[in-house]
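Going by full-length UniProt numbering, the first residue of the sequence shown is number 1, and it counts up by one from there.
Right, one structure below, let's go through it.
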Amino acid sequence: MNAATTSMLGQGSYSTLPPTLIEKLARWLYWPAVAALVVGALYFVFVVYATGQVAWATGLLVLLAAGFYVYLSRGGFAWRYLFPGLAGMLIFIAFPLVYTAQIGFTNYSSTHLLGEGRVREYLLEQHDAVEDQVLGYSLHASGAEYRLVLNADGEAAPRWVSPPLALRAGKDLRVDMSAADATTASGTALPLPELIRHRDALGKLVLVLPDKTELHYLGLREFGPIKPQWTANADDSLTRTADGVVFKPDRNTGFFQSAAGETLQPGFKAFIGVGNYARMLFDAEFRGPFLSIFTWTVVFSALTVFFATAIGMLFAVMLNWEGMRFRTTYRTLLFLPYAVPGFISILVFKGLFNQNFGEINAILDALVGVKPAWFADPFLAKTMLVIVNVWLGYPYVMILCSGLLKSIPADLYEASALAGAGPATNFLKITAPLIIKPLAPLLVSAFAFNFNNFVLIALLTDGRPDFLSTKLPAGQTDILVSYTYRIAFRDSGSDFGLAAAISTLIFFLVAALSLINLRLSAKAQK
Numbered sequence: 001m002n003a004a005t006t007s008m009l010g011q012g013s014y015s016t017l018p019p020t021l022i023e024k025l026a027r028w029l030y031w032p033a034v035a036a037l038v039v040g041a042l043y044f045v046f047v048v049y050a051t052g053q054v055a056w057a058t059g060l061l062v063l064l065a066a067g068f069y070v071y072l073s074r075g076g077f078a079w080r081y082l083f084p085g086l087a088g089m090l091i092f093i094a095f096p097l098v099y100t101a102q103i104g105f106t107n108y109s110s111t112h113l114l115g116e117g118r119v120r121e122y123l124l125e126q127h128d129a130v131e132d133q134v135l136g137y138s139l140h141a142s143g144a145e146y147r148l149v150l151n152a153d154g155e156a157a158p159r160w161v162s163p164p165l166a167l168r169a170g171k172d173l174r175v176d177m178s179a180a181d182a183t184t185a186s187g188t189a190l191p192l193p194e195l196i197r198h199r200d201a202l203g204k205l206v207l208v209l210p211d212k213t214e215l216h217y218l219g220l221r222e223f224g225p226i227k228p229q230w231t232a233n234a235d236d237s238l239t240r241t242a243d244g245v246v247f248k249p250d251r252n253t254g255f256f257q258s259a260a261g262e263t264l265q266p267g268f269k270a271f272i273g274v275g276n277y278a279r280m281l282f283d284a285e286f287r288g289p290f291l292s293i294f295t296w297t298v299v300f301s302a303l304t305v306f307f308a309t310a311i312g313m314l315f316a317v318m319l320n321w322e323g324m325r326f327r328t329t330y331r332t333l334l335f336l337p338y339a340v341p342g343f344i345s346i347l348v349f350k351g352l353f354n355q356n357f358g359e360i361n362a363i364l365d366a367l368v369g370v371k372p373a374w375f376a377d378p379f380l381a382k383t384m385l386v387i388v389n390v391w392l393g394y395p396y397v398m399i400l401c402s403g404l405l406k407s408i409p410a411d412l413y414e415a416s417a418l419a420g421a422g423p424a425t426n427f428l429k430i431t432a433p434l435i436i437k438p439l440a441p442l443l444v445s446a447f448a449f450n451f452n453n454f455v456l457i458a459l460l461t462d463g464r465p466d467f468l469s470t471k472l473p474a475g476q477t478d479i480l481v482s483y484t485y486r487i488a489f490r491d492s493g494s495d496f497g498l499a500a501a502i503s504t505l506i507f508f509l510v511a512a513l514s515l516i517n518l519r520l521s522a523k524a525q526k
């Protein structure tokens, strides 16, 4: 037997089961595994449904059913490679967009977080103690368990005593109380720290007196009967038990209101239609700052793209001159603003523009004797934002233009030189027209990016200085996305509905820019 035969036998010895047996085992395990996955998926859908999220459970059921159909049936074979991408687009793009747009048609805010049904349940759960029937209590050790003793205020003798209790926090426990006798509460009552330790378990107790009166935990020293503050009516209204006033749900304002205009907290989330969009257009106190911020957003994006393109293209043309010495060194130095992380550059500039201690004001003070208030004056703050954003953006345009310049035939410049044209004519008649066409889609993309440049605003000015006497806090240097963030999460009451409406508007604006970008890209390829 030669070495090759021995090697082949050695390799064959690693297979301990014949292929047919492995295939049979795989077929036996296939359907149990599928059944386990189906059961797990259905259980997950049921858990979501049990939390009250019917729409989410329905959408999840449809998505999982489509997945099982695609991967388990012959008819869905062609979709097996497309399904993950389509599912990802639905979950991470389409669903957030639809959900945000839906919120934009509601009054969802920090005062309208819950649904109407949940607010009604919350109010019906509110109770008041019956003050004239409140009893004090003390807790006494009884071996490994405890006895609870009730007595009225001012009375030393106990009235009622419980059987021995384990006092384990869990479900509500009904305890039948019996009349106290001379041996009741033998021993010292537990001190306050011990009562605090058993507070959760005591809160679960319902003490039932012999006359069937139920006493509930009212605090560290008291048990007593309770009465509901509200009673529910058939028309979804609530009646206050103290005075009989009826509160009806007003689905325009999202509050339970009485006929006299009294409202109950908390409010509930309600559908208000185009109310948030009408507010943007017709509410004068809101429309003023909103239109100013919208205009500044467009101007900020346009100026950034214009100056970054002009400076980047100028540097690219200069660095394209083959007679220039140290071109590589210059190119590296000019590329550094793009290489350094943006947030670091922004924070550095924030220190440089500091009115009292910044180097920029120190230089200006030494040269011309002025120290501009970059962060307090609206015009200077906007100028500072454009300067910093152009600094961060021009290297990108410079790199693009450097690559595009390489594609321009040298013959055109040679013919221009023979005709006696100068550098300015070459740039205006040859370089710029040949660069701007393929560069246009990228400039539109840069405009869309700066339209949503939240990081720059948040780190450099935080939208300040603010507008004065506005209904909602708004900054002079805010752009739409940072203004939306302030409305949703900062100092204006967390008005999620209004923020969602503005976000939807931003989406359509950016979508329009994307369509323009696609059209320009298509023209550039022709």
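For glycine and all other residues, C-beta sits at the position ideal for the given N, C-alpha and C.
Everything numeric in this text was worked out from a predicted model, so none of it was measured.
Distance, residue j Cα to residue i Cα
i: Leu459; j: Val348; result: 10 Å
i: Ala4; j: Leu29; result: Interpretation of Ala4 is limited by its pLDDT of 44, a score under 50 that renders its predicted location unreliable; the figure taken from the coordinates is listed afterwards. So the alpha carbons of these two residues sit roughly 38 Å apart.
i: Glu121; j: Ala501; result: 29 Å
i: Ala488; j: Ser416; result: 58 Å
i: Ile516; j: Leu90; result: 24 Å
i: Ser7; j: Thr20; result: In this predicted model, Ser7 has a pLDDT of only 42, less than 50, meaning its place in the structure is not dependable enough to derive any value.
i: Arg325; j: Ala316; result: 15 Å
i: Pro409; j: Leu434; result: 10 Å
i: Gly275; j: Thr100; result: 15 Å
i: Val246; j: Tyr71; result: 57 Å
i: Ser142; j: Gly497; result: 57 Å
i: Tyr14; j: Ile22; result: The predicted model places Tyr14 with a pLDDT of 42, which falls under 50 and marks its position as unreliable, so this point remains unresolved.
i: Asp462; j: Phe105; result: 28 Å
i: Gly12; j: Trp56; result: Model confidence at Gly12 stands at a pLDDT of 44, short of 50, so the residue's coordinates are unreliable and nothing is read from them.
i: Asn268; j: Asn252; result: Reading off the sequence shown, one finds Phe at residue 268, where the question assumed Asn. Going from the Cα of Phe268 to the Cα of Asn252 covers about 10 Å.
i: Met1; j: Ala36; result: Because the pLDDT at Met1 is just 44, under 50, the model does not fix this residue reliably, and the point stays unresolved.
i: Arg118; j: Pro266; result: 10 Å
i: Leu392; j: Val62; result: 46 Å
i: Asn389; j: His112; result: 38 Å
i: Gly10; j: Arg27; result: Interpretation of Gly10 is limited by its pLDDT of 42, a score under 50 that renders its predicted location unreliable; the figure taken from the coordinates is listed afterwards. Each residue's alpha carbon lies about 29 Å from the other.
i: Ala87; j: Phe449; result: 26 Å
i: Ala522; j: Cys401; result: 19 Å
CB of residue i within 7 Å of CB of residue j, strictly
i: Ala189; j: Ser258; result: no
i: Val130; j: Pro225; result: yes
i: Leu367; j: Trp374; result: no
i: Val149; j: Pro158; result: yes
i: Phe371; j: Asn361; result: First, the residue type needs correcting, since residue 371 is Lys and not Phe in the sequence shown. In this structure, Asn361 lies closer than 7 Å to Lys371 by Cβ.
i: Phe271; j: Leu264; result: no
i: Leu209; j: Phe223; result: no
i: Asp200; j: Ala166; result: no
i: Arg490; j: Gly475; result: no
i: Gly136; j: Arg221; result: yes
i: Phe451; j: Ser237; result: no
i: Ile506; j: Leu472; result: no
i: Ser514; j: Ser110; result: no
i: Pro289; j: Phe467; result: yes
i: Val305; j: Phe447; result: yes
Opening and closing residue of the alpha helix (DSSP H) in which residue i lies
i: Leu442; result: Ala432 to Phe451
i: Phe343; result: Gly342 to Leu352
i: Lys212; result: Where Lys212 is concerned, there is no enclosing alpha helix (DSSP H), given that its DSSP letter is neither H nor E.
i: Arg240; result: Counting along the chain, Arg240 falls outside any alpha helix (DSSP H), though it belongs to the beta strand (DSSP E) covering Leu238 to Arg240.
i: Leu195; result: Leu192 to Arg197
i: Pro416; result: The amino acid occupying residue 416 in the given sequence is Ser; Pro does not appear at that position. Unbroken alpha helix (DSSP H) run through Ser416: Ala410 to Leu418.
i: Val455; result: Phe454 to Leu460
i: Gly422; result: Careful: Gly422 lies outside any alpha helix (DSSP H) and carries neither H nor E.
i: Arg287; result: Ala284 to Leu319
i: Phe255; result: Premise fails: Phe255 lies in the beta strand (DSSP E), Phe255 to Ser258, not in any alpha helix (DSSP H).
Continuous beta strand (DSSP E) stretch holding residue i: start and end
i: Leu428; result: Taken as a continuous stretch (DSSP letters only), Leu428 belongs to no beta strand (DSSP E), as it is neither H nor E.
i: Ile272; result: Segment: none, Ile272 is in no beta strand (DSSP E) and carries neither H nor E.
i: Glu262; result: First-last for Glu262: undefined, no H or E at that position.
i: Thr231; result: Trp230 to Ala232
Whole-Å CB distance - residue i paired with residue j, under 8 Å assumed
i: Leu205; j: Leu173; result: 6 Å
i: Thr477; j: Ile457; result: 6 Å
May I have a chain-ordered list of the alpha helix (DSSP H) segments no shorter than 4 residues that lie completely inside the stretch 44–82?
54–72
My parser needs the alpha helix (DSSP H) runs of 4 or more residues fully inside the stretch 90–170; what are they?
95–103 and 116–124
At 4 residues or longer, and completely inside the stretch 322–405: list those alpha helix (DSSP H) runs for me, N to C.
327–339, 342–352 and 359–368
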